[in-house]
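The structure under discussion appears below in the form of structure tokens.
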Amino acid sequence: MNAMIALQDLRKARNTKHKHSALSDKVKDQLEHIVALKKEKAMLEERLAALSLEQNEEEEEDLDQWGDAELTERFKTLQELKEKLSAYTLIGPCGMTVSDVSSDSLTVMLNPMWQSVRESFFLSLVAKDNGMEVSGTNIPYFFNVPALAASMKADVVALMNAISLRLIAYVHRKGEVLQILKTHSDVITESSVTEPVTSVGLKLQCVDTATEIRKYMDVYITYSSVLDFRPAKVKFSSENVSIPADVEEELRHHLLTSPLSSAMPKIVDCLTTTEAVVLEPQQLRTGSVSQSE
1 MNAMIALQDL RKARNTKHKH SALSDKVKDQ LEHIVALKKE KAMLEERLAA LSLEQNEEEE
61 EDLDQWGDAE LTERFKTLQE LKEKLSAYTL IGPCGMTVSD VSSDSLTVML NPMWQSVRES
121 FFLSLVAKDN GMEVSGTNIP YFFNVPALAA SMKADVVALM NAISLRLIAY VHRKGEVLQI
181 LKTHSDVITE SSVTEPVTSV GLKLQCVDTA TEIRKYMDVY ITYSSVLDFR PAKVKFSSEN
241 VSIPADVEEE LRHHLLTSPL SSAMPKIVDC LTTTEAVVLE PQQLRTGSVS QSE
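All the letters of the sequence shown, read from the start, carry residue numbers 1 to 293 under full-length UniProt numbering.
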């Protein structure tokens with residue numbers, strides 16, 4: 001009986017070893033392909049530089065000696081080379097550059113950006129028996145890149161795409177928040193933002209020009225995940241101002257469906273133009289929570 005159990009354990013161990021070996025080989029094959037692409041890129045850069053230099057020298061001498069068709073073909077060749085080099089440098093939905101690669105390791109730089117906001121991250125991977133393992137990164141902890149790499153097993157491309165999508169969404173949300181805080185600094189007096197920018201709280205206030213009463217509005221925005229560009233929930237509360245339910249619903253709709261930087265001017269305008277009223281504490285109206293479809 002013990003011999004049978006030992007035999008079963010041996011078979012399981014052998015199968016696991018074969019499986020891990022296959023995953024490791026798959027990762028190494030992909031890394032070797034990236035090595036080959038990097039070498040090809042270097043050759044293309046040399047060819048592009050040579051063709052560009054040759055073209056400039058010929059232009060200085062006399063471009064008239066070339067026929068229109070031949071000139072068109074040469075310019076087309078240069079353009080195709082430039083586009084191909086661009087494709088080797090930028091991979092996926094955010095800028096990614098392979099900075100180092102070997103048969104069993106890969107280091108990439110990721111530079112997601114939104115308008116003037118730009119972040120820079122690095123990620124180093126090594127091939128292991130059971131697939132890929134993160135050997136170093138400065139990508140924020142809340143993305144849990146090691147767990148993501150473990151779940152992707154041996155698919156390097158899928159991992160790069162998954163990380164890129166998260167980073168570009170993160171930088172987009174962060175950029176939007178920074179923009180509204182700067183643009184509406186005279187009205188937005190306080191803000192609270194979680195590190196992944198998946199929860200945003202804003203306190204707005206202004207003085208009513210007719211009554212000199214100070215009006216207040218709080219806006220709470222929540223995103224479902226780090227992959228989201230648009231909020232899933234929005235909540236309002238207000239003081240010394242009574243906002244009609246239909247207007248509040250319209251503002252909520254703008255926040256749920258439009259970029260934050262486009263929706264916020266409407267909220268600021270609503271607060272500043274709506275007439276102030278002094279309500280008893282028990283009459284203060286708090287907006288309801290709404291969730292996107």
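Just so you know, even glycine gets a beta-carbon here, dropped at the ideal spot from N, CA and C.
Review point. Cβ of Leu271 within 7 Å of Cβ of Met217?
Key: Working through the sequence shown from its first residue, we reach residue 271 at position 271. Working through the sequence shown from its first residue, we reach residue 217 at position 217. Taking 7 Å as the Cβ cut-off, Leu271 and Met217 qualify as a contacting pair.
**Study point:** Residues bridged to Phe143 (per DSSP)
**Key:** The count along the sequence shown starts at 1 and reaches residue 143 at position 143. Paired residues: none, contrary to the question.
Check your understanding: Can you list the alpha helix (DSSP H) stretches of 4 or more residues lying completely in the segment 108–191, in chain order?
Key -> 145–152, 156–183
Review point. Got a sec, what are the start and stop residues for the alpha helix (DSSP H) Val219 sits in?
Key: For the purposes of this step, residue 219 is taken as residue 219 along the sequence shown, with counting starting at 1. First-last for Val219: 214–222, but that is the beta strand (DSSP E), not the alpha helix (DSSP H).
Practice item. Pick out whichever of Phe143, Ser124, Asn130, Ala147 has its Cα sitting closest to the Cα of Thr137. Key: Along the sequence shown, read from residue 1 onward, the residue named residue 137 stands at position 137. When only C-alpha atoms are compared, the closest one is Ser124.
Point to revise | Ser199 - partner residues in DSSP beta bridges | key: Working through the sequence shown from its first residue, we reach residue 199 at position 199. For Ser199, which the question treats as bridged, DSSP gives the partners Thr222.
**Study point:** the segment 137–147 in contact with the segment 110–129 per 3-pair CB rule at 8 Å
**Key:** yes
**Study point:** Short Cβ contact (7 Å threshold) for Ala276 with Asp186
**Key:** Within the sequence shown, numbered from 1, the residue matching residue 276 stands at position 276. Within the sequence shown, numbered from 1, the residue matching residue 186 stands at position 186. No. Outside cutoff.
Point to revise | Where the alpha helix (DSSP H) through Glu250 begins and ends | key: In the sequence shown, residue 250 corresponds to position 250, counting from 1. From DSSP, the alpha helix (DSSP H) with Glu250 extends over 245–257.
Practice item. Kindly indicate which three-state DSSP category Leu227 falls into: helix, strand or coil? Key: Numbered from its first residue, the sequence shown carries residue 227 at position 227. In the structure shown, Leu227 sits in coil (DSSP, three-state: anything other than H, G, I, E or B).
Check your understanding: Below 7 Å between beta carbons: does that hold for Leu159 and Ala149?
Key -> Within the sequence shown, the letter at position 159 stands for residue 159. Within the sequence shown, the letter at position 149 stands for residue 149. Contact flag set, yes.
Review point. How many Å lie between Val134 and Thr107 at the Cα?
Key: Working through the sequence shown from its first residue, we reach residue 134 at position 134. Working through the sequence shown from its first residue, we reach residue 107 at position 107. Answer to the nearest angstrom: the Cα atoms are 10 Å apart.
Check your understanding: If Val200 sits next to Val177, beta carbons under 8 Å apart, how far is it from one beta carbon to the other, in whole angstroms?
Key -> Start at 1 with the first residue of the sequence shown, and residue 200 comes out as number 200. Start at 1 with the first residue of the sequence shown, and residue 177 comes out as number 177. Right, the Cβ-Cβ distance comes to about 6 Å (below 8 Å), so this counts as a contact.
Practice item. Identify whether residue 311 lies in helix, strand or coil by the three-state DSSP scheme. Key: Residue 311 is absent from the model: the chain starts at 1 and stops at 293.
Review point. Anyone know if the C-beta pair for Phe229 and Ala169 falls short of 7 Å?
Key: Here residue 229 refers to the residue found at position 229 when the sequence shown is read from its first residue. Here residue 169 refers to the residue found at position 169 when the sequence shown is read from its first residue. Yes, they are a contact pair.
Point to revise | Beta bridge counterpart(s) of Ser105 as assigned by DSSP | key: Working through the sequence shown from its first residue, we reach residue 105 at position 105. Its beta-bridge partners are Val126.
Point to revise | Exposed unless 16 or more other CB atoms sit within 10 angstroms - verdict on Asp62 | key: As a first step, residue 62 must be located in the sequence shown, where it is residue number 62. Confidence at Asp62 is low in this model, with a pLDDT of 49, below 50, so its placement is unreliable and the value that follows should be read with caution. By the neighbour-count rule (16 or more Cβ atoms within 10 Å), Asp62 is not buried but exposed.
Check your understanding: Relative to the alpha-carbon of Thr97, which residue among Ser103, Ile188, Met109, Pro265 has its alpha-carbon at the smallest distance?
Key -> Counting from 1 along the sequence shown, the entry for residue 97 is found at position 97. Comparing Cα positions, the closest option is Met109.
Check your understanding: According to the neighbour-count rule (16 or more other Cβ atoms, all chains shown, within 10 Å of its Cβ), is Thr198 buried or exposed?
Key -> Here residue 198 refers to the residue found at position 198 of the sequence shown. With 16 or more Cβ atoms within 10 Å of its Cβ, Thr198 is classed as buried.
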